[in-house]
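Residues in the sequence shown are numbered from 12 upward in steps of one, following the numbering used here.
Please read the structure below before turning to the comments.
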Amino acid sequence: MRRWLFGLGLALLAHAGAQDLHGCGGQPGLPGGVRDGVYRGTLGGRPVALQIRHADVDGSAYYYERIGLDIPLTAFRQGTALILQEEVRKSQGDDAVVTGCFTLRPTAAGLGGTWRAPGSTKTLAVTLRAVNVGALPMNLPDTAAAATLRRDDPLTFLKLNRLWVRAADGRSVTEPASQLVYPRVPGASAALNTALQDRQLRLAADALDCRSQLAQDMQRDPGNGYELGAKLTFQGARLVSVREDVYYYCGGAHPDTYTQGVILDRASGREVKVAQLWPGLTGAKQEALYLAHPAPDLDPACRDVLREGGLEFTAHLSPAGVNLTPTSLPHVVAACAETTVISYAEIGNLADTRSPYIGDLYKR
């Protein structure tokens, strides 16, 4: 889960086990006259949003607006009717079962019809209007990341395109749907805080995607599936740094964690690479310094694993120095990915002394 929308592949894999289910009738595929896209409306009076994908029939999904977690749908056709089969895993380790059947037909505004539980004759009314997501007002700052999300994942965009909650002291913002909290820098440039928002946006999309893949019994606790700890670790006149620690479990074989370091230009919000600050701090040099400064509580067995080499790192800044955290360890030894700190003095000879950022790191 180290990249935005990482879970799409996992979601399709998880959904693949349910593709043989056929509990709502009809033939695979979409009927003529059904328009792909995003719809909003009600199911039994409860607000929902739904997405139909022609190019990827098994990528259709819907969610209840109050909950915000996707329920996968498989499309079938029966004459002119669109049959959407709702498939849910009730408990961890169980296979998906059919839990609902939509029978929908085109209307002047979008789609209309009914929903029923398999084997039941009782139906709930469904009314859906087509939504042009690209024309919706942007409730977030109109950034490249927000525009990309709106284009590539409009259903998730609907969940996140709302006013986020800023803490009273201005030092953090909570995204309401995922409940992820991310730091802000009061009084900093709009560009910097927009960059911080974009990082939070990607993480929030990941969190919702991950939680949607959990079995239904685990989804009852909104804290399950994805946890983020993000904090400002360095603030200088020109540089700001953040450390992100993510724990996630999306219903697969095991949970996992990762750390991501971020260094940003305080004025522009652009990412600053380690090589821009210390051209001599190559990957090989980072590994040598990391091994020379093991974390104090590092398990002896981990020392042997780390000495096998081929390490890659993420870096963030702190007042004490550059913090290096391995990112390339296999899951079975991921606990060995302890962070170590390399003092600025030790790598002073590797720095670019002409860099505009040098004053944040070294006294001239």
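Just so it is clear, CB atoms sit at the ideal spot from N, CA and C, and this is done for glycine as well.
Note that the coordinates shown come from a computational prediction; the quantities given were computed from them, not determined experimentally.
> Going by Cα to Cα distance, which pick from D163, S131, W175, L135 is closest to L151?
Replying inline: By 1-based counting over the sequence shown, the position of residue 151 is 140. Selected option, being the one with the closest Cα: W175.
> How long is the line joining the alpha carbons of S329 and A278, rounded to whole angstroms?
Replying inline: On the sequence shown, position 318 is the one that residue 329 refers to. On the sequence shown, position 267 is the one that residue 278 refers to. Near 19 angstroms, if we compare the C-alpha coordinates of A278 and S329.
>> Pop quiz: P194 and L243 are said to be a contact at Cβ under 8 angstroms. What is the actual Cβ separation, rounded to whole angstroms?
In response: Your numbering for residue 194 matches position 183 in the sequence shown. Your numbering for residue 243 matches position 232 in the sequence shown. The pair is a contact, with the Cβ atoms about 5 angstroms apart (cut-off 8 angstroms).
> Where does P83 sit, in a helix, a strand or coil, going by DSSP?
Replying inline: What you label residue 83 is simply residue 72 of the sequence shown in a count that begins at 1. P83: strand per DSSP, three-state reduction.
>> Closer than 8 angstroms is the cut-off here; do at least three beta carbon pairs connect the segment 151 to 161 with the segment 70 to 85?
In response: Contact fails: fewer than three Cβ-Cβ distances are below 8 angstroms.
>> Short of 7 angstroms in beta carbon distance, which residues of its chain neighbour G145, apart from the five on each side in sequence? Order them along the chain.
In response: For the purposes of this step, residue 145 is taken as residue 134 along the sequence shown, with counting starting at 1. The beta carbon of G145 sits closer than 7 angstroms to the beta carbons of R161 from its chain, once the five residues preceding and following it are set aside; these are given in chain order.
> What residues in its chain sit with their C-beta under 8 angstroms from that of L203, if we drop five residues either side in the sequence?
Replying inline: Here residue 203 refers to the residue found at position 192 of the sequence shown. Answer for L203: V196, V251, L275, D276, R277, A278, S279, G280, listed in chain order.
> Is the CB-CB distance between A348 and P337 below 8 angstroms?
Replying inline: The residue you call residue 348 lines up with position 337 of the sequence shown. The residue you call residue 337 lines up with position 326 of the sequence shown. A contact, by the Cβ cut-off of 8 angstroms.
> Whose C-alpha, out of I358, Y269, Q208, R231, is nearest the C-alpha of E238?
Replying inline: Start at 1 with the first residue of the sequence shown, and residue 238 comes out as number 227. Nearest of I358, Y269, Q208, R231 to E238, Cα basis: Y269.
> Cβ atoms of A72 and L166: under 8 angstroms apart, would you say?
Replying inline: Indexing the sequence shown from 1 puts residue 166 at position 155. Indexing the sequence shown from 1 puts residue 72 at position 61. A contact, by the Cβ cut-off of 8 angstroms.
> With respect to the beta strand (DSSP E) encompassing P42, which residues constitute its N-terminal and C-terminal limits?
Replying inline: Taking the first residue of the sequence shown as position 1, residue 42 is located at position 31. Premise fails: P42 is in no beta strand (DSSP E) and is neither H nor E.
>> Taking 8 angstroms as the threshold (C-beta atoms), are A92 and P42 in contact?
In response: Here residue 42 refers to the residue found at position 31 of the sequence shown. Here residue 92 refers to the residue found at position 81 of the sequence shown. Closer than 8 angstroms, so yes.
>> Within the continuous beta strand (DSSP E) that includes C112, where are the two ends?
In response: Position 101 of the sequence shown, counted from the start, is the residue given in the question as residue 112. Run containing C112: 108 to 117, per the beta strand (DSSP E) assignment.
>> For T159 and R213, what's the separation of their Cα atoms in angstroms?
In response: Within the sequence shown, residue 159 is the residue found at index 148, counting from 1. Within the sequence shown, residue 213 is the residue found at index 202, counting from 1. Rounded to whole angstroms, the gap between the alpha carbons of T159 and R213 is 10 angstroms.
> Between R314, G37, I63, L135, which lies nearest to V49 when the distance is taken from Cα to Cα?
Replying inline: Reading the sequence shown from its first residue, position 38 is the one you call residue 49. Selected option, being the one with the closest Cα: I63.
>> Taking 8 angstroms as the threshold (C-beta atoms), are R88 and G37 in contact?
In response: Translated into positions along the sequence shown, residue 37 becomes position 26. Translated into positions along the sequence shown, residue 88 becomes position 77. Yes, the pair counts as a contact, with Cβ atoms nearer than the cut-off.
> Can the beta-carbon of V45 be found closer than 8 angstroms to that of P117?
Replying inline: Along the sequence shown, one-based indexing puts residue 45 at 34. Along the sequence shown, one-based indexing puts residue 117 at 106. Against a cut-off of 8 angstroms, the Cβ pair of P117 and V45 comes out as a contact.
> How many angstroms separate the CA atom of A331 from the CA atom of Q230?
Replying inline: Numbered from its first residue, the sequence shown carries residue 331 at position 320. Numbered from its first residue, the sequence shown carries residue 230 at position 219. Each residue's Cα considered, the two are about 40 angstroms apart.
>> So, for R318: in the same chain, excluding its five sequence neighbours on each side, which residues have a beta-carbon less than 8 angstroms away from its beta-carbon?
In response: For this step, residue 318 is matched to residue 307 along the sequence shown. Closer than 8 angstroms at Cβ, skipping near neighbours: L302.
> Comparing the CB of T185 with every heavy atom of the ligand SAH, is any distance shorter than 7 angstroms?
Replying inline: In the structure on display, the ligand SAH does not appear, and there are no ligands present to speak of.
> Which one of L207, A201, K170, Q246 has the shortest CA to CA distance from D220?
Replying inline: For the purposes of this step, residue 220 is taken as the residue at position 209 of the sequence shown. Distances from the alpha-carbon of D220 to those of L207, A201, K170, Q246 put K170 closest.
>> Using DSSP's beta-bridge definition, name the partner residues of D276.
In response: For the purposes of this step, residue 276 is identified with residue 265 of the sequence shown, where counting begins at 1. Bridge partners of D276: L250.
>> Can you tell me where the beta strand (DSSP E) holding L123 begins and where it ends?
In response: The residue you call residue 123 lines up with position 112 of the sequence shown. For the sequence presented, residue 123 should be read as Gly rather than Leu. Run containing G123: 121 to 127, per the beta strand (DSSP E) assignment.
> For D81, does the count of other Cβ atoms within 10 angstroms reach 16, so buried, or fall short, so exposed?
Replying inline: Taking the first residue of the sequence shown as 1, we reach residue 81 at position 70. Buried, by the Cβ-count rule.
> For N376, which of helix, strand or coil comes out of DSSP?
Replying inline: An answer regarding residue 376 cannot be provided, because it is not within the stretch 12 to 375 covered by the chain.
> For T350, does the three-state DSSP call read helix, strand or coil?
Replying inline: Looking up residue 350 in the sequence shown gives position 339. The answer is coil: DSSP assigns T350 none of H, G, I, E or B.
> What do you get for N143, buried or exposed, if any count of 16 or more other CB atoms within 10 angstroms of its CB means buried?
Replying inline: Residue mapping note: residue 143 aligns to position 132 of the sequence shown, counting from 1. With fewer than 16 other CB atoms across the displayed protein chains lying within 10 angstroms of its CB, N143 is exposed.
> What does S183 pair with, by DSSP beta-bridge criteria?
Replying inline: Within the sequence shown, numbered from 1, the residue matching residue 183 stands at position 172. Looking at the DSSP output, S183 shares a beta bridge with P194.
>> For A60, list the residues DSSP reports as bridge partners.
In response: Along the sequence shown, one-based indexing puts residue 60 at 49. DSSP, once it has assigned bridges, lists R51, Y74 as partnering A60.
> Which of helix, strand or coil does DSSP assign to Y260?
Replying inline: Your numbering for residue 260 matches position 249 in the sequence shown. Note: Y260 maps to coil in three-state DSSP.
> Given G198, which residues of its chain have a CB within under 6 angstroms of its CB, disregarding the five upstream and five downstream residues?
Replying inline: Position 187 of the sequence shown, counted from the first residue, corresponds to residue 198. Taken in chain order, the list of residues that qualify is empty.
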